[in-house]
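See below for the structure under consideration.
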Ligand SMILES: Nc1ncnc2c1ncn2[C@@H]1O[C@H](COP(=O)(O)OP(=O)(O)OP(=O)(O)O)[C@@H](O)[C@H]1O
Ligand SMILES: Nc1ncnc2c1ncn2[C@@H]1O[C@H](COP(=O)(O)OP(=O)(O)OP(=O)(O)O)[C@@H](O)[C@H]1O
Ligand SMILES: [Mg+2]
Ligand SMILES: [Mg+2]
């Protein structure tokens with residue numbers, strides 16, 4: 112907690128500054144709402160009557176499902192494409208294409224394929240967050256030193272064993288960086304997915320709030336999303352520390 | 112070229128399958144157009160009268176500007192936050208917040224802050240693509256072995272020298288993975304930025320095509336975007352190979 | 156219990172308070188009373204309502220005439236079966252000090268729209284066309300859904316909006332403004348129910364029941380706006396404020412009625428106006444072929 | 077030169093790295109089953125390269141290697157290798173590193189843990205079994221690597237300067253332990269070292285390599301089992317001198 | 077024990093790693109300017125730890141180190157270090173690795189390239205200057221690391237088994253070269269080795285470390301400059317024997 116103090120102090124200072132600017136300059140609530148108003152909305156959304164929880168729950172579920180799906184696929188594809196050079200040459204252009212084509216515009220196709228509601232959003236989320244894991248997995252697999260590869264060849268390790276017991280552990284710090292990027296993108300993906308075809312969730316609420324020109328609610332939603340992002344990120348950090356515990360021992364730093 | 116053949120063959124097979132499905136299942140062109148129609152539009156967009164070039168140029172410029180800006184900021188922030196632990200603790204929550212808050216929803220606010228046109232889009236692009244570089248830079252900086260750190264301490268290297276001459280080269284493969292993720296996200300960012308506030312560019316064209324319910328043009332635009340993405344990605348690969356040339360020598364694989 | 160027929164409506168929006176009559180189905184059961192299990196598919200604009208319907212996710216599209224014209228122009232076989240909002244709800248709003256009072260005053264001005272694909276832009280084009288102007292005579296800026304903010308900030312001279320948008324804008328302190336209503340120039344309807352011709356031919360009795368149910372729900376919302384405003388609090392995604400709900404519902408109730416509907420009943424079309432709209436679109440180059448509106452507007456299912 | 081009883085036979089093997097000149101030039105060598113051969117030579121003469129070639133880790137540019145009469149295609153499960161660098165996995169404890177060759181092929185049993193613990197005892201780092209490699213001294217790391225190579229009792233061992241990082245006394249203890257162990261297991265050994273006395277003490281036969289060629293091979297006719305005292309045997313010293321002069325000779329030629 | 081003329085003075089230094097027991101226990105040592113001290117000891121006794129402590133790379137748990145009378149806070153620019161592992165930068169060529177200590181402080185001049193080339197010549201890898209570390213043999217890598225430590229002519233050198241990966245002959249050549257060089261430059265040297273003969277040949281004084289304590293220090297009264305022949309001097313052998321017994325003693329005690 113102590114270590115978080117400066118960050119919190121900065122937050123309060125920023126909020127105070129924002130409130131002051133809004134009040135003194137008389138900026139319309141439409142342009143930028145005062146933080147006090149935003150927190151009032153947030154309070155009513157979270158405490159009484161608490162209408163936000165339902166949306167938080169939906170978005171959270173979509174994020175985590177999409178993240179789990181995207182990370183698994185990204186990781187496995189990273190392994191396969193990293194190990195099988197011809198397959199990489201064959202499929203790489205398609206992997207890239209899935210990434211650069213705007214998901215927002217793919218809406219109708221997703222609806223045909225996956226129907227409405229959570230499935231589409233989860234698929235979009237997975238599609239958005241799988242690429243960093245793919246890239247970082249493929250890069251991480253290169254991290255094992257030539258001597259250790261020779262060791263594994265000498266020990267008669269199968270390709271999958273070398274992967275599992277040497278290349279993945281060697282690349283774990285890099286792979287986990289990919290996971291950290293992915294969790295952040297997953298939340299973005301879930302929100303964007305809801306922009307397209309959701310009738311619930313924080314993303315759908317943002318669009319609705321925009322329609323009502325309710326900037327105050329919009330900012331409250333941003334804050335809820337940011338808080339979720341911080342929470343999810345912290346969770347991945349904890350998982351990472353657990354996975355890397357073997358790694359950290361005996362590195363004199 | 113030879114090595115690309117299987118990938119091209121797959122492309123042709125996919126296109127043929129798509130054409131067949133659309134024709135046989137009688138799917139409405141408003142939902143999914145036939146590839147033949149899409150290529151006809153693409154031809155007219157690229158050759159005669161070539162109305163697409165202007166948009167490609169705008170989106171390309173925004174992507175590259177945003178990429179350059181985002182990568183520079185991400186890299187420098189990665190260095191600073193990676194090296195200065197208190198600063199990381201202070202600022203990390205804010206960095207995450209900028210990432211998880213949906214840019215699409217921030218759009219209107221960006222317009223108020225940065226005005227209409229390219230600036231907003233470039234800022235959004237930079238904001239989207241800076242995070243992977245930040246994460247991967249911070250992770251890459253940890254890659255130098257303890258012995259080499261000791262060496263640099265022993266040689267009386269300043270912190271910035273250790274950074275520049277040891278940690279950055281050691282982490283270069285990981286940093287470059289971040290760059291590869293970033294270039295892909297930059298293109299996505301530019302297109303999304305144009306969704307919000309652009310009146311030119313491929314993203315704006317997609318929205319306009321959506322308004323005209325012109326799915327054929329929309330798909331043609333997707334293809335143009337995918338082609339740009341492939342091209343940009345190849346460019347980063349070339350740059351990467353050049354940067355890592357020292358690295359590759361003498362790694363017996 | 157008899158089994159219900161499933162009908163899904165592809166809307167142009169998320170489940171917002173102005174369509175409370177649809178969202179109130181679990182409370183009021185207008186459709187269930189007609190043996191219909193109602194579904195709602197959210198959309199982003201009238202175009203997506205039609206594509207969602209064409210993709211099979213829904214049977215009925217809740218869409219605007221512009222999207223309808225376009226889809227017809229692309230060769231889709233569609234029919235409009237019910238006039239949801241016969242009144243045009245679009246307008247152009249500018250601060251009083253800009254002195255923009257008539258459509259002609261817009262020449263040379265900078266005007267905000269929601270997006271390049273939105274109804275605000277198309278109706279602005281229609282409005283300009285009525286006074287012999289085109290988009291080339293003004294500067295269009297994409298301002299997003301918070302489009303009154305740039306007006307307040309002075310980044311645009313005027314913005315194209317809707318009646319409900321103007322209402323909430325005023326709530327948010329828009330100040331003194333001049334409003335040019337599109338309906339004063341050309342009162343093309345705002346929204347209609349559209350189905351595919353094939354579905355229309357195959358399911359006339361079901362659609363008839365559907366329209367009866369919708370008509371009843373609309374009549375209920377007109378008669379009981381207070382109750383609707385209350386239901387919207389929980390059923391709609393943007394209806395936390397009951398007072399605002401009430402005002403928006405009242406505004407929508409007004410746009411659901413016209414001279415024609417007063418004469419013939421809710422849901423009836425003024426075919427002449429729709430034809431004029433299509434002709435204007437053709438003149439603007441927004442569609443490529445002349446449309447025969449009488450061929451694609453069917454009033455035979457509209458309940459008496 | 078290869079015989080039927082040879083475990084390793086190296087037939088006119090040459091090797092050049094991609095960029096450079098020839099590193100090995102037409103090497104012929106045959107190691108009978110159960111023999112202990114040593115290879116000495118100046119730094120950079122190609123010892124490691126030859127060892128990797130015999131192991132099947134490096135492809136010969138010309139010629140080939142046979143194990144028990146079979147031409148090798150790649151690393152053989154019969155051969156254990158001690159690398160010049162310890163190459164321990166940082167994320168595993170010492171004992172898990174030692175057990176790695178077993179755990180790659182089957183589930184580790186209690187008996188295996190016993191074997192591993194005994195080997196750690198043998199190399200003198202039993203109390204460090206739970207540590208991670210980063211927490212060991214240089215010599216302790218190379219001893220852990222040695223234990224790892226021994227844990228599967230491979231029929232043949234290729235050892236690349238395994239004792240280079242060890243002090244004289246530990247080294248002598250381990251030499252005796254190694255001799256005992258390989259005699260017991262009848263292991264075929266090819267042992268690279270830069271210590272002439274070590275080569276003579278350990279080897280049935282010592283080869284001197286120079287610039288990629290075998291400059292000399294000598295049978296060591298000292299009694300087996302060897303004991304510490306034989307180091308002071310005049311025969312021993314004579315062998316050392318001979319090998320030493322074979323190593324220096326070339327340098328003289330060059331000058 | 078520290079004197080005014082001492083270059084390094086180590087005062088009752090103890091050290092323990094985070095997890096473990098004491099690795100160094102109340103070490104006292106003083107090295108006069110220009111002296112060549114050697115440290116031998118069994119693997120894992122704490123030699124590397126002491127060297128890093130003197131270098132300022134590791135913080136003493138108790139006691140402190142002074143260089144020319146100044147308590148050290150961290151690594152001093154006056155001290156060069158040869159690590160137990162070569163620690164070369166893979167992405168630089170050999171010559172650039174050697175020039176690294178210079179290039180960190182100023183622009184590399186033609187004269188510096190000359191110095192570096194001379195040092196590579198000295199350690200016998202002049203023709204490999206343009207190679208990258210991954211393309212060198214183990215011994216060649218450690219020689220490159222040696223050249224790197226010498227290139228700035230530091231007033232003091234801390235060397236951690238620099239010749240461990242080298243064959244006997246190269247090693248002897250380099251010993252002589254090193255002695256010549258440090259005599260010329262009047263360099264203060266603390267040299268860790270596991271080779272007793274090497275310690276006696278090189279050192280003015282040899283210390284034996286055992287389980288974190290200095291078990292013995294011996295002045296070596298052989299004439300300087302030393303030449304190869306002195307290895308066969310009975311004095312030399314006597315010194316070796318004494319040190320050896322000091323190293324073995326403890327093991328006997330333990331059994
Ligand atoms: N990071 C660490 N954490 C805990 N213990 C350590 C760590 N590093 C070294 N040790 C222990 O400290 C002791 C001394 O280590 P040190 O590296 O100084 O030995 P050394 O005398 O240099 O041995 P060698 O000749 O094998 O290099 C050893 O027993 C080792 O296991
Ligand atoms: N990857 C490589 N590319 C080019 N040349 C190489 C490569 N690896 C080693 N060499 C060269 O091949 C020669 C033999 O190397 P090798 O490692 O076999 O020597 P060695 O006898 O084991 O030496 P040491 O005793 O120093 O370990 C050396 O001159 C070395 O420079
Ligand atoms: Mg070698
Ligand atoms: Mg050591």
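Residue numbers (the working numbering), protein chains in the order written: chain Y, 112 to 364; chain V, 112 to 364; chain B, 156 to 459; chain X, 77 to 331; chain C, 77 to 331.
Note that CB positions come from ideal geometry on N, CA and C, so glycine has one too.
In this text, all values refer to a predicted model and were calculated from it rather than measured experimentally.
{"query": "Helix, strand or coil at residue 168 (chain Y) according to DSSP, with G and I counted as helix", "result": "helix"}
{"query": "Any non-hydrogen atom of ligand 2 closer than 8 Å to residue 206 (chain C) Cβ", "result": "no"}
{"query": "Per DSSP, cross-strand counterpart(s) of residue 348 (chain B)", "result": "B:217 and B:237"}
{"query": "Proximity test, residue 262 (chain V) beta-carbon vs ligand 2 heavy atom, cut-off 8 Å", "result": "no"}
{"query": "Members of the stretch 110 to 130 of chain X that neighbour chain C once the beta carbon cut-off is set at 9 Å", "result": "116, 117, 118, 119, 120, 121, 122, 123, 124 and 125"}
{"query": "Three CB pairs or more closer than 8 Å across the stretch 230 to 246 of chain Y and the stretch 297 to 317 of chain Y", "result": "yes"}
{"query": "Contacts of residue 280 (chain V) in chain C (Cβ-Cβ under 8 Å)", "result": "165 and 167"}
{"query": "Counted within 10 angstroms of its Cβ, other Cβ atoms place residue 288 (chain V) as buried (16 or more) or exposed", "result": "buried"}
{"query": "Neighbour list for residue 320 (chain X) in chain C, Cβ cutoff strictly below 9 Å", "result": "244 and 245"}
{"query": "Inter-residue spacing [alpha-carbon to alpha-carbon] between residue 309 (chain X) and residue 163 (chain X)", "result": "37 Å"}
{"query": "Residue span of the beta strand (DSSP E) that contains residue 267 (chain C), given as start and end", "result": "264 to 268"}
{"query": "Residues from the stretch 204 to 235 of chain B in contact with chain D, defined by Cβ distance under 8 Å", "result": "Absent from the structure: chain D. Protein chains present are Y, V, B, X and C."}
{"query": "Cutoff 6 Å; reference residue 330 (chain C); Cβ partners in own chain excluding five residues on either side", "result": "The predicted position of residue 330 (chain C) is uncertain, since its pLDDT is 40 and thus under 50; a value taken from the coordinates is nonetheless stated next. There are no such residues."}
{"query": "Beta-carbon contacts of residue 311 (chain Y) that lie in its chain and below 8 Å, excluding the five residues immediately before and after", "result": "165, 166, 169 and 305"}
{"query": "Residues surrounding ligand 4 [beta-carbon distance to nearest heavy atom under 7 Å]", "result": "X:213, X:214, X:215, C:123, C:124, C:160, C:236, C:237 and C:268"}
{"query": "Endpoints, beta strand (DSSP E) assigned at residue 101 (chain X)", "result": "98 to 108"}
{"query": "Three-pair Cβ contact test at 8 Å for the stretch 258 to 270 of chain B versus the stretch 295 to 313 of chain B", "result": "yes"}
{"query": "Listed by chain order, chain Y residues near residue 239 (chain B) by CB distance under 8 Å", "result": "Simply none; closest approach about 18 Å."}
{"query": "Spatial distance of residue 258 (chain B) from residue 226 (chain V) (CA atoms)", "result": "26 Å"}
{"query": "Secondary structure of residue 100 (chain Y), DSSP reduced to three states", "result": "Outside the shown range of chain Y (112 to 364) lies residue 100 (chain Y), about which nothing can therefore be said."}
{"query": "Distance, residue 188 (chain Y) Cα to residue 295 (chain X) Cα", "result": "56 Å"}
{"query": "Nearest candidate by alpha-carbon position, reference residue 343 (chain Y), set Y:324, Y:129, Y:178 and Y:317", "result": "Y:178"}
{"query": "Alpha-carbon spacing of residue 198 (chain B) relative to residue 236 (chain B), whole angstroms", "result": "20 Å"}
{"query": "Test: residue 331 (chain Y) CB closer than 9 Å to a CB of chain B", "result": "no"}
{"query": "heavy atom of ligand 2 below 8 Å from residue 176 (chain C) C-beta", "result": "no"}
{"query": "Other residues of its chain near residue 199 (chain V): CB distance less than 7 Å, five sequence neighbours each side excluded", "result": "192"}
{"query": "Beta carbon of residue 240 (chain B) nearer than 9 Å to that of residue 391 (chain B)", "result": "no"}
{"query": "Proximal residues, the stretch 119 to 143 of chain Y versus chain B, C-beta separation under 8 Å", "result": "139, 140, 141 and 142"}
{"query": "Sequence-distant residues of the same chain with beta carbon closer than 8 Å to residue 255 (chain B), five excluded per side", "result": "247, 249, 261, 264, 312, 313, 333 and 335"}
{"query": "Exposed unless 16 or more other CB atoms sit within 10 angstroms - verdict on residue 353 (chain Y)", "result": "exposed"}
{"query": "Backbone CA spacing between residue 371 (chain B) and residue 189 (chain B) [nearest angstrom]", "result": "10 Å"}
{"query": "Residue 250 (chain Y): first and last residue of the uninterrupted beta strand (DSSP E) it sits in", "result": "Residue 250 (chain Y) -> not in any beta strand (DSSP E); alpha helix (DSSP H) instead, spanning 229 to 251."}
{"query": "Beta bridge counterpart(s) of residue 112 (chain X) as assigned by DSSP", "result": "X:265"}
{"query": "Cβ neighbour criterion (16 or more within 10 Å) applied to residue 84 (chain X)", "result": "buried"}
{"query": "Boundaries (first-last residue) of the beta strand (DSSP E) holding residue 235 (chain C)", "result": "232 to 236"}
{"query": "Burial state of residue 400 (chain C) (16 or more Cβ within 10 Å)", "result": "Residue 400 (chain C) lies beyond the stretch modelled for chain C, which goes from 77 to 331, so this question has no answer here."}
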